[in-house]
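Structure first, then comments.
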């Protein structure tokens, strides 16, 4: 890597953001491409050494398609088209359940080891296909509609205005668990599908999901998003109690998800302006930062107890910081308040100092409260640096537009 963390870049410069996206993708390419079994290798140590050749995890697989497609959209090399197509073929041929439909959750090489169907994974399949289609990979277009129909048939509940979370391989059993996390990422994916196709049904669905989470779920938990619900969408305060380390269903108020919803509400407001969206987004962000900011060591803590408001997980996770970058850039543009621009610069500077690997590239995954690494695993199977890349793209949509219009008042 040519960049030095001792020199602070202009984090709002469009050239910097594009370069950082491409530098991050370059850590994975081409070492992530599995030319023997298809798809991608999903696990890497800090220096790029492979730490798991076997696992083909749906979230990781689809996120790789996303990052290669995103890189194409910001001027990445033409060979990334082939890299994205490589992953789409694997998804179609091996991750897809040709008997029952939908995507398997986990494979070993080409063989399913966890055949469950999860809405969260299908959200990323929809995001991947939509982003690939936006990048000019036309075969991805058919997958957009196919994934939507799977979601519609097996996960969607019109009365709830929300998606169920998990089903058995043959769809005969639907888990009683309900979660906001899948619905959050489906909001993101539906907006991407709308951007890719122009079909209004995707934007309408994103709008419905945002309304359901903000007006049905959030009032139950107060000022921050809660993760877990029973089948009737009443909060389950005891689900996974104490387990803040669950990758997809962590316990506690997860500050990063309230911040991520800030970003999504403001992105929705671009497509479907509504008076309630900006102030609601700002309220979520302010509450998360007020309660979650580490004012001693920098960064944002991970989780807070619902019982006494105490921090129950003080670790710093890469994705939480990345979402704060995207959210604060949008808040700066939406409100015009200098404080959000300062927050953007400060949180990106923190990430530049502690999370970005200036030797080998990409972001570290997890730091403790004092910003120290626990181990040398940079990218376990689901990671792929999707969060830094998508939030740099969000920031680019803000600062790049401003740089393109220097006389804007």
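In the UniProt record's numbering, the protein residues as written are 1 to 409. C-beta: ideal position from N, C-alpha, C; glycine also.
Given residue i as reference, the closest of the options once Cα atoms are compared
{"i": "residue 324", "options": "301, 377, 202", "result": "301"}
{"i": "residue 365", "options": "194, 387, 348", "result": "387"}
{"i": "residue 172", "options": "209, 136, 378, 115", "result": "115"}
{"i": "residue 372", "options": "353, 10, 209, 287", "result": "353"}
{"i": "residue 412", "options": "94, 52, 35, 113", "result": "What is shown of the chain runs 1 to 409, which leaves residue 412 out entirely."}
{"i": "residue 375", "options": "51, 113, 272, 237", "result": "51"}
{"i": "residue 241", "options": "59, 53, 251", "result": "251"}
{"i": "residue 383", "options": "18, 149, 56, 350", "result": "56"}
{"i": "residue 247", "options": "7, 182, 8", "result": "182"}
{"i": "residue 99", "options": "178, 117, 108", "result": "117"}
Distance CB(residue i)-CB(residue j) smaller than 8 Å
{"i": "residue 97", "j": "residue 169", "result": "yes"}
{"i": "residue 221", "j": "residue 161", "result": "no"}
{"i": "residue 330", "j": "residue 266", "result": "yes"}
{"i": "residue 389", "j": "residue 106", "result": "no"}
{"i": "residue 65", "j": "residue 12", "result": "no"}
{"i": "residue 396", "j": "residue 14", "result": "yes"}
{"i": "residue 86", "j": "residue 33", "result": "yes"}
{"i": "residue 253", "j": "residue 327", "result": "no"}
{"i": "residue 45", "j": "residue 378", "result": "yes"}
{"i": "residue 264", "j": "residue 214", "result": "no"}
{"i": "residue 180", "j": "residue 224", "result": "no"}
{"i": "residue 360", "j": "residue 165", "result": "no"}
{"i": "residue 163", "j": "residue 119", "result": "yes"}
{"i": "residue 333", "j": "residue 391", "result": "no"}
{"i": "residue 90", "j": "residue 38", "result": "yes"}
{"i": "residue 288", "j": "residue 255", "result": "yes"}
Length of the line joining the Cα atoms of residue i and residue j
{"i": "residue 239", "j": "residue 249", "result": "9 Å"}
{"i": "residue 16", "j": "residue 231", "result": "45 Å"}
{"i": "residue 133", "j": "residue 62", "result": "13 Å"}
{"i": "residue 92", "j": "residue 337", "result": "46 Å"}
{"i": "residue 41", "j": "residue 81", "result": "17 Å"}
{"i": "residue 408", "j": "residue 398", "result": "Since pLDDT at residue 408 reaches only 33, below the 50 mark, its modelled position is unreliable, and the value read off the structure follows with that caveat. Computed Cα separation, rounded: 13 Å."}
{"i": "residue 380", "j": "residue 10", "result": "30 Å"}
{"i": "residue 103", "j": "residue 310", "result": "38 Å"}
{"i": "residue 70", "j": "residue 21", "result": "9 Å"}
{"i": "residue 167", "j": "residue 68", "result": "29 Å"}
{"i": "residue 299", "j": "residue 72", "result": "30 Å"}
{"i": "residue 147", "j": "residue 176", "result": "22 Å"}
{"i": "residue 227", "j": "residue 355", "result": "26 Å"}
{"i": "residue 411", "j": "residue 307", "result": "Absent from the structure is residue 411, since the part of the chain shown begins at 1 and ends at 409."}
{"i": "residue 401", "j": "residue 278", "result": "19 Å"}
{"i": "residue 154", "j": "residue 296", "result": "46 Å"}
{"i": "residue 94", "j": "residue 110", "result": "6 Å"}
{"i": "residue 335", "j": "residue 273", "result": "14 Å"}
{"i": "residue 209", "j": "residue 174", "result": "20 Å"}
{"i": "residue 192", "j": "residue 269", "result": "14 Å"}
{"i": "residue 237", "j": "residue 285", "result": "22 Å"}
{"i": "residue 369", "j": "residue 59", "result": "27 Å"}
{"i": "residue 203", "j": "residue 156", "result": "15 Å"}
{"i": "residue 340", "j": "residue 113", "result": "45 Å"}
{"i": "residue 18", "j": "residue 293", "result": "28 Å"}
{"i": "residue 151", "j": "residue 178", "result": "15 Å"}
{"i": "residue 271", "j": "residue 235", "result": "30 Å"}
{"i": "residue 54", "j": "residue 357", "result": "25 Å"}
{"i": "residue 108", "j": "residue 243", "result": "26 Å"}
{"i": "residue 26", "j": "residue 385", "result": "11 Å"}
{"i": "residue 349", "j": "residue 393", "result": "17 Å"}
{"i": "residue 101", "j": "residue 200", "result": "25 Å"}
{"i": "residue 30", "j": "residue 276", "result": "44 Å"}
{"i": "residue 159", "j": "residue 8", "result": "50 Å"}
Identity of the residues DSSP links to residue i by a beta bridge
{"i": "residue 479", "result": "In the structure as shown, the chain begins at 1 and stops at 409. Residue 479 is therefore absent and cannot be evaluated."}
{"i": "residue 228", "result": "179"}
{"i": "residue 303", "result": "254, 313"}
{"i": "residue 293", "result": "300"}
{"i": "residue 33", "result": "40"}
{"i": "residue 363", "result": "356"}
{"i": "residue 50", "result": "44"}
{"i": "residue 96", "result": "103"}
{"i": "residue 174", "result": "167"}
{"i": "residue 23", "result": "According to DSSP, which records beta bridges pairwise, residue 23 is partnered with nothing at all."}
{"i": "residue 235", "result": "229"}
{"i": "residue 383", "result": "According to DSSP, residue 383 bridges with nothing at all."}
Cutoff 8 Å: residue i Cβ touching any chain C Cβ
{"i": "residue 169", "result": "Within the model displayed, chain C is absent; a lone protein chain is all it includes."}
Are the region 336 to 344 and the region 253 to 261 touching by the rule of at least three beta carbon pairs closer than 8 Å?
no
Pair every Cβ in the region 136 to 150 with every Cβ in the region 190 to 202, then say whether three or more of these pairs are closer than 8 Å.
They touch, by the three-pair rule.
Flag this pair as touching only if the region 304 to 319 and the region 361 to 377 have three or more C-beta atom pairs under 8 Å; answer yes or no.
yes
Count Cβ pairs between the region 74 to 85 and the region 110 to 125 that sit closer than 8 Å; are there 3 or more?
Too few Cβ pairs lie closer than 8 Å, so no.
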